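Enquirer: Residue numbers (the working numbering): 3 to 359. Even for Gly, the Cβ is constructed at its ideal location relative to N, Cα and C. These figures come from a predicted structure and were not determined experimentally.
(1) Alpha carbon to alpha carbon, what distance is there between residue 287 and residue 129?
(2) For residue 141, which option in 160, 116 and 132 has the closest C-alpha, if you only look at C-alpha atoms?
(3) Report yes if the C-beta distance between residue 131 and residue 122 is below 7 Å; otherwise report no.
(4) Residues in its own chain within less than 8 Å of residue 71 by CB, not counting five upstream and five downstream?
(5) Kindly indicate which three-state DSSP category residue 127 falls into: helix, strand or coil?
(6) Can you pull the DSSP bridge partners for residue 163?
(7) For residue 317, which residues of its own chain have a beta-carbon under 6 Å away from its beta-carbon, when the five flanking residues on both sides are left out?
(8) Report yes if the C-beta distance between residue 143 and residue 91 is below 7 Å; otherwise report no.
(9) Quick test of the definition: if touching needs 3 or more C-beta pairs under 8 Å, does the region 75-92 touch the region 45-62?
(10) Under 7 Å, do residue 120 and residue 197 count as touching if we go by C-beta distance?
(11) In angstroms with no decimal places, state the Cα-to-Cα distance between residue 154 and residue 176.
(12) With distances taken from CA atoms, which of 158, 148 and 187 is nearest residue 164?
(13) Can you pull the DSSP bridge partners for residue 299?
(14) Tell me which residue opens and which closes the alpha helix (DSSP H) that residue 240 is part of.
(15) Can you name, in chain order, every residue of its own chain whose Cβ lies under 8 Å from the Cβ of residue 266, other than the five neighbours on each side?
(16) What would DSSP say about residue 317, mapped onto helix, strand or coil?
(17) Whole-angstrom Cβ separation of residue 127 and residue 100, contact assumed at under 8 Å?
(18) In whole angstroms, give me the CA-to-CA distance for residue 252 and residue 305.
(19) Does DSSP classify residue 311 as helix, strand or coil?
(20) Kindly identify the DSSP beta-bridge partner or partners of residue 114.
(21) Which same chain residues, not among the five before or five after residue 3, have their C-beta less than 8 Å away from its C-beta?
(22) Since residue 37 and residue 310 are thought to touch, with beta carbons under 8 Å apart, how far apart are those beta carbons, to the nearest angstrom?
(23) Using the C-alpha atoms, what's the distance from residue 7 back to residue 102?
(24) I need the DSSP call for residue 359, collapsed to helix, strand or coil.
(25) Could you tell me if residue 292 is buried or exposed, where buried requires 16 or more neighbouring beta carbons within 10 angstroms of its beta carbon?
(26) For residue 327, count the other beta carbons within 10 Å of its own beta carbon; 16 or more makes it buried, fewer makes it exposed. Which is it?
(27) Give me the Cα-Cα distance between residue 25 and residue 50, rounded to the nearest whole angstrom.
(28) Please work out which residues of its chain come closer than 8 Å, Cβ to Cβ, to residue 35, disregarding the five sequence neighbours upstream and downstream, and give them in chain order.
(29) Could you give the residue range of the alpha helix (DSSP H) that holds residue 47?
(30) In the DSSP assignment, the alpha helix (DSSP H) including residue 19 goes from what residue to what residue?
(31) Cα separation between residue 148 and residue 136?
(32) DSSP three-state label for residue 177, please.
(33) Let me know the secondary structure DSSP gives residue 268 once reduced to three states.
(34) May I have the straight-line CA-CA distance separating residue 209 from residue 162, to the nearest angstrom?
(35) Closest to residue 269 by C-alpha separation, out of 342, 256 and 218, would be which residue?
(36) Is DSSP giving residue 171 helix, strand or coil here?
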């Protein structure tokens with residue numbers, strides 16, 4: 003019996019996708035080779051890359067004047083790639099709403115005048131600063147945000163409207179809710195939370211913004227080069243791209259992002275409603291900004307938190323330990339987490355509360 007995996011990443015993947023990958027592990031597309039062995043120059047693999055891009059464009063409504071890239075290095079590498087591709091005036095604004103947003107800002111400071119123009123650190127990142135109240139600076143190259151906070155469990159209810167191009171790290175919520183891509187200059191996302199195994203990062207970038215990377219930008223981080231080579235400038239993370247394409251196929255079959263968003267809102271609603279009506283469990287995030295992907299919660303004590311994690315794991319509910327910066331528990335309920343998994347978690351929470359309150 004498979005466990006319900008609530009890990010924040012690498013995260014759970016759809017069973018039907020894993021079963022298809024299992025079949026292709028020995029013979030991919032009739033080539034007589036494993037999908038892990040096939041050359042990225044093989045026509046069969048090029049078809050996978052092309053299909054993955056086409057599906058992303060369809061599912062997210064990505065216009066043709068945006069590049070869609072499959073790159074390496076994780077979203078953390080993009081913390082440097084963003085200023086190296088975009089910081090032409092040497093000036094950028096960052097809204098810091100969590101650990102990864104802060105890391106992106108600190109990386110940006112290496113390359114120019116990167117300013118933290120708003121932060122929610124004063125309340126342990128339990129809210130999102132009002133975008134309408136942020137004093138963005140004039141003549142900035144871009145404004146950077148992290149749209150969903152994996153560790154602290156917040157997300158933007160509304161995105162900032164900015165004069166400068168808006169750059170968003172969407173690693174932990176890409177494809178979970180509908181967005182208008184045209185409101186962003188760049189979107190990037192590590193795939194290991196909501197799309198594929200670790201290894202590939204998605205970059206969606208308006209082409210007019212990426213034609214003149216900084217001279218110091220390494221070739222491997224130049225989005226223009228990756229775009230011109232259709233993400234095949236070098237050997238890409240082939241298996242992760244293949245897995246992402248299978249996940250995208252499944253998402254289309256389920257009805258696309260709109261339908262997935264309904265399911266995600268329902269799953270999160272079940273869990274938050276239970277927590278809010280329990281005197282035993284607490285979620286500290288302001289309700290307006292609660293993530294539907296990552297739900298942190300605590301019991302009345304650290305000792306009970308540890309007991310909860312241990313007993314939950316013994317009951318097939320794994321990877322619920324909260325991040326070390328927060329403690330407690332965290333249920334990451336990404337697209338691939340079925341409703342039944344959330345229901346099983348709630349049933350365990352009820353029993354644990356009954357036995358330990």
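Expert: Quick look at the numbers:
(1) Approximately 6 Å, taken between the alpha carbons.
(2) 116
(3) yes
(4) Closer than 8 Å at Cβ, skipping near neighbours: 204, 205, 206, 207, 225, 228, 229 and 233.
(5) coil
(6) Residue 163 is not bridged to any residue.
(7) 350
(8) yes
(9) no
(10) In this structure, residue 120 sits away from residue 197, with a CB-CB distance that is not shorter than 7 Å.
(11) The straight-line gap from Cα to Cα measures roughly 17 Å.
(12) If we check each option's Cα against that of residue 164, 187 comes out closest.
(13) 331
(14) Residues 240-256.
(15) 178, 179, 294, 295, 335 and 337
(16) coil
(17) 5 Å
(18) 41 Å
(19) Residue 311 falls in the helix class under three-state DSSP.
(20) Beta-bridge pairing links residue 114 to no other residue.
(21) 318
(22) In this structure residue 37 is not in contact with residue 310, their Cβ atoms being roughly 39 Å apart against a cut-off of 8 Å.
(23) 22 Å
(24) Coil.
(25) buried
(26) exposed
(27) 16 Å
(28) 29
(29) 45-62
(30) 17-26 is the extent of the alpha helix (DSSP H) around residue 19.
(31) 15 Å
(32) coil
(33) helix
(34) 21 Å
(35) Closest option to residue 269, judged by alpha-carbon separation, among 342, 256 and 218: 342.
(36) Here residue 171 sits in strand by DSSP.
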